[in-house]
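Residue numbers for the sequence shown follow the working numbering, so the first one is 1 and each next one is one higher. We put the beta carbon where it would ideally sit given N, CA and C, even for glycine.
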Amino acid sequence: MDLPALKQVAEKLVAPGKGILAADESTGTIKKRFDAIGLQSTETARRDYREMLFRAETAMKEHISGVILYEETLYQNAADRSGTPLVELIVRAGAVPGIKVDKGTKPLPGFPGETITEGLDGLGERLDRDREQGARFAKWRAVIDIGAGVPTWSAVKANAHALARYAAICQAHEIVPIVEPEVLMDGDHDIERCEAVTRWVLNTVFEELFEQRVALEAMVLKPNMVIAGKKSGAKNSADEVARRTVAVLKDCVPASVPGIAFLSGGQSDEEATAHLDAMNRIGSLPWNLTFSYGRALQHAPLTTWGGKVENVPAAQRAFAHRARMNGLASLGKWEGALEKAA
Ligand code: 13P
Numbered sequence: 001m002d003l004p005a006l007k008q009v010a011e012k013l014v015a016p017g018k019g020i021l022a023a024d025e026s027t028g029t030i031k032k033r034f035d036a037i038g039l040q041s042t043e044t045a046r047r048d049y050r051e052m053l054f055r056a057e058t059a060m061k062e063h064i065s066g067v068i069l070y071e072e073t074l075y076q077n078a079a080d081r082s083g084t085p086l087v088e089l090i091v092r093a094g095a096v097p098g099i100k101v102d103k104g105t106k107p108l109p110g111f112p113g114e115t116i117t118e119g120l121d122g123l124g125e126r127l128d129r130d131r132e133q134g135a136r137f138a139k140w141r142a143v144i145d146i147g148a149g150v151p152t153w154s155a156v157k158a159n160a161h162a163l164a165r166y167a168a169i170c171q172a173h174e175i176v177p178i179v180e181p182e183v184l185m186d187g188d189h190d191i192e193r194c195e196a197v198t199r200w201v202l203n204t205v206f207e208e209l210f211e212q213r214v215a216l217e218a219m220v221l222k223p224n225m226v227i228a229g230k231k232s233g234a235k236n237s238a239d240e241v242a243r244r245t246v247a248v249l250k251d252c253v254p255a256s257v258p259g260i261a262f263l264s265g266g267q268s269d270e271e272a273t274a275h276l277d278a279m280n281r282i283g284s285l286p287w288n289l290t291f292s293y294g295r296a297l298q299h300a301p302l303t304t305w306g307g308k309v310e311n312v313p314a315a316q317r318a319f320a321h322r323a324r325m326n327g328l329a330s331l332g333k334w335e336g337a338l339e340k341a342a
């Protein structure tokens with residue numbers, strides 16, 4: 001393993017003022033997003049949409065450090081005459097291309113309501129191919145739900161183990177792993193329960209990473225924030241979310257991890273930005289804290305675009321705005337008033 005090279009990529013992904021665009025929706029997930037704007041999810045529509053994002057020059061060059069791609073996109077070409085690979089557009093903008101390599105969640109046998117993420121078989125060979133195509137980092141998402149009697153220890157352990165095995169395989173194939181244990185915010189639990197489960201999950205993940213001899217300085221953690229479940233009706237202040245999230249991270253994440261890039265997980269665009277900003281305002285943290293948002297970066301451009309070519313410039317502006325807001329939040333320099341100026 002070329003540790004200095006991997007470290008360099010990991011550090012670039014979490015560089016101050018920048019963050020990651022998670023554009024790696026599976027074919028099923030992007031269909032749901034397109035359904036919401038009344039657009040049929042064809043291979044061409046998916047290409048046009050993602051090409052539009054990657055060609056949004058200001059957003060990409062100034063605020064996006066890396067882009068997570070779904071396999072289809074990594075091997076797809078732009079609509080121009082020469083058929084420029086989409087991955088080339090990302091590289092030209094100065095960002096690092098990455099690849100989602102997990103095969104999604106499956107029911108965990110014996111544990112009703114819980115899932116395990118699959119995709120370890122043949123992973124090394126896939127990573128070699130993806131690296132050849134330009135990918136320099138990868139992502140694997142484990143999903144932990146909160147509910148009556150869940151999560152169980154067995155599900156936490158199995159998911160943490162798979163994440164660590166994935167991370168070790170990535171590094172052996174010269175790919176930086178993004179380790180994503182997502183505690184869902186879908187339930188009716190309060191913020192204390194989210195805090196306890198997130199602490200439990202992160203402790204278990206780092207134990208497993210240690211056991212699998214993963215180089216912590218050559219990975220990026222992608223966690224959820226500590227936040228009340230959507231169905232709880234509770235609204236905690238940005239300062240409380242920030243304080244509790246940072247406290248859990250300080251307890252669980254070794255300082256050798258270069259950066260933490262949060263998922264947005266269903267938070268509104270502005271909430272996701274305000275929470276990240278509040279965390280960075282706390283200051284004196286051992287790791288860079290930034291974003292790796294899917295929905296919170298794409299909701300505005302996707303709805304502005306609506307599948308119509310004449311809306312491309314406005315959609316790119318909407319993307320640039322969210323990217324700039326989150327870039328400022330990664331520095332603790334965002335202000336609510338900046339949203340209205342858009
Ligand atoms: P969201 O920010 O929409 O949660 O997506 C991030 C992601 O990559 C989930 O795996």
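Counting only beta-carbon distances shorter than 5 Å to the non-hydrogen atoms of the ligand 13P, the qualifying residues in chain order are A22, R141, L263, S264, G265, Y293, G294, R295. Under DSSP, E180 forms a beta bridge with R141. Here the C-alpha atom of P223 lies approximately 18 Å from the C-alpha atom of E270. In the three-state reduction of the DSSP assignment, T117 falls in the strand class.
Taking the Cα of G307 as reference, the smallest distance to any Cα among L3, G17, L53, E211 is reached at L53. By the neighbour-count criterion, in which a residue is buried when 16 or more other Cβ atoms sit within 10 angstroms of its Cβ, S330 is buried. Taken through DSSP and simplified to helix, strand or coil, P107 comes out as strand.
Under the 8 Å Cβ criterion, the stretch 43-62 does not count as touching the stretch 205-216, having fewer than three qualifying pairs.
The beta carbons of A228 and E180 sit no closer together than 8 Å. CA-to-CA, the gap between E11 and A218 works out to about 8 Å. Relative to the Cα of G233, the nearest Cα in the group R199, A215, D251, I191 belongs to I191.
By DSSP's assignment, Y293 forms a beta bridge with L21. Residue pairing for F262: DSSP places it in a beta bridge opposite F291. Of the residues assessed, D277 falls on the buried side of the cut-off, its CB having 16 or more other CB atoms within 10 angstroms.
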